[in-house]
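Reviewing the structure listed below.
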Amino acid sequence: MVALLDVDQLRSFVAIVDTGSFTRAADVVFKTQSAVSMQMKRLEERVGRALFARDGRGVRLTEDGERLLDYARRIIHISREAVSAFADDALTGRVRLGLPDDYAERYLPEILARFSASNPLVEVTVVCEPSVQLVEMIDRDELDLAIITHAARKPMGEVIRQEPLLWVTSQRSVAHEEPVLPLALSHAACVWRESAIGKLQEIKRAHRVLYSSRNFAAVGAAVLAGLAISVVPESALRPGMRVLGTAEGFPALPSCKIALLRNPGAVTETAQALADHIVASLDNMSPGAQAEAAE
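Mapping of the sequence shown onto my numbering: residues -18 to 276, in sequence order.
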């Protein structure tokens, strides 16, 4: 008879892959490191293949480990879904989430992974639009939750993340040295665009918007091609981008604040559960930063 895979061992296996070490994985699965190591030894014996190879101080998956990973994630997901299906308090239904496309690219994978693991029976509908449109959609009861850029001129929502906003150019570009500074920015109502242009006007730096798009990937492409400079939050920096600062003549920008906006007419247990996962995924606010954001 073929030996069946142990779900608990697979959970530890996935935790090692996700955290990058046996030690951190042990904290995630609430076991000792020696217990996790023993689980992996037994898992390797069960599949008859080596799953990990040492890589300096860390570990990496072998080719067989990579093959097992997809199966492991699916087995764990199905196991959770089966348990939830028989739980009396399992959440069901649909929740509607809106966020700008650049936030979706950076934050949505972790948010959905966290939420789906706990609530596999809930359908999540995702809409990607600029913050201004998302606020309007909340007002029209078309969304339950929205992740938006917090605007000082019209603050709304709960600020859950704060990052430096940075000037960026391509590592192989000197576009920032041109007499008339070429810019690649988002739509006209974008808070980051207003901040960038406002700062350039303050220092009387000649500039022109050369590329404008609601799509962050398009703006990033113009920067990486060396055609223009832009402004992005720290977490949005990509390989190939270079940060410009006061040494290059670029003034400091206000911080980027991300807020969670809730629909007061859609206060459901499902929406609250997703909101909790969003806060857990994005929160980097110290008490001092929370006070600053509130002001």
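C-beta atoms are modelled at their ideal positions from N, C-alpha and C, and glycine is treated no differently. These figures come from a predicted structure and were not determined experimentally.
Taking residue i as part of the alpha helix (DSSP H), name the residues at either end of that continuous run.
i, result
"Ala240", "Looking at the DSSP string, Ala240 is not in any alpha helix (DSSP H); the run it does join, the beta strand (DSSP E), is 237 to 243."
"Glu25", "14 to 28"
"Ile119", "112 to 120"
"Thr4", "3 to 9"
Let's see if you can read the secondary structure: which residues bound the beta strand (DSSP E) around residue i?
i, result
"His188", "188 to 193"
"Asp36", "33 to 36"
"Pro214", "211 to 214"
"Ala127", "126 to 130"
"Arg153", "Note, Arg153: premise wrong, no beta strand (DSSP E); not H, not E."
Helix, strand or coil for residue i per DSSP?
i, result
"Ala94", "helix"
"Asp(-11)", "helix"
"Gln143", "strand"
"Thr227", "helix"
"Ser167", "coil"
"Arg87", "helix"
"Ala78", "Before going further, note that residue 78 is Leu rather than Ala in the sequence given. Of the three classes helix, strand and coil, the one that applies to Leu78 here is strand, per DSSP."
"Val248", "coil"
"His184", "One detail in the question is off: residue 184 reads as Ile in this sequence, not His. Reduced to three states, the DSSP call for Ile184 is coil."
"Glu276", "Confidence at Glu276 is low in this model, with a pLDDT of 45, below 50, so the placement of that residue should be treated as unreliable; the coordinate-derived value is given next. It is coil, neither helix nor strand."
"Val200", "helix"
"Arg219", "coil"
"Glu159", "coil"
"Gly39", "strand"
"Thr106", "strand"
"Met266", "Because Met266 sits at a pLDDT of 47, beneath the cut-off of 50, its placement in the model cannot be relied upon, and the following sentence gives the value as read from the coordinates. Coil, per DSSP."
"Leu205", "helix"
"Leu234", "coil"
"Ala53", "helix"
Just confirm the distance between the C-beta atoms of residue i and residue j, as a whole number of angstroms; I'd bet it's less than 8 angstroms.
i, j, result
"His157", "Ile210", "5 angstroms"
"Arg77", "Thr106", "5 angstroms"
"Ala16", "Glu25", "The Cβ separation is near 15 angstroms, so there is no contact."
"Ala252", "Asp125", "4 angstroms"
"Glu159", "Ala240", "At roughly 35 angstroms, the Cβ-Cβ gap does not stay under 8 angstroms, so Glu159 and Ala240 are not in contact."
"Leu242", "Ile119", "6 angstroms"
"Phe96", "Leu255", "6 angstroms"
- Task: Kindly confirm or deny that the stretch 148 to 164 and the stretch 201 to 209 touch, where touching means at least three C-beta pairs closer than 8 angstroms.
- Result: yes
- Query: Does the stretch 46 to 62 touch the stretch 2 to 9, meaning 3 or more C-beta pairs lie closer than 8 angstroms?
  - Reply: no
- Check whether the stretch 231 to 248 touches the stretch 51 to 58, counting contact only when three or more Cβ pairs, one atom from each stretch, lie closer than 8 angstroms. no
- Query: Using 8 angstroms as the Cβ pair cut-off and three pairs as the minimum, do the stretch 213 to 224 and the stretch 28 to 44 touch?
  - Reply: no
- Any 3 or more C-beta pairs closer than 8 angstroms across the stretch 240 to 255 and the stretch 172 to 192: no
- Inspect the CB distances between the stretch 158 to 166 and the stretch 187 to 196 and report whether three or more fall short of 8 angstroms. yes
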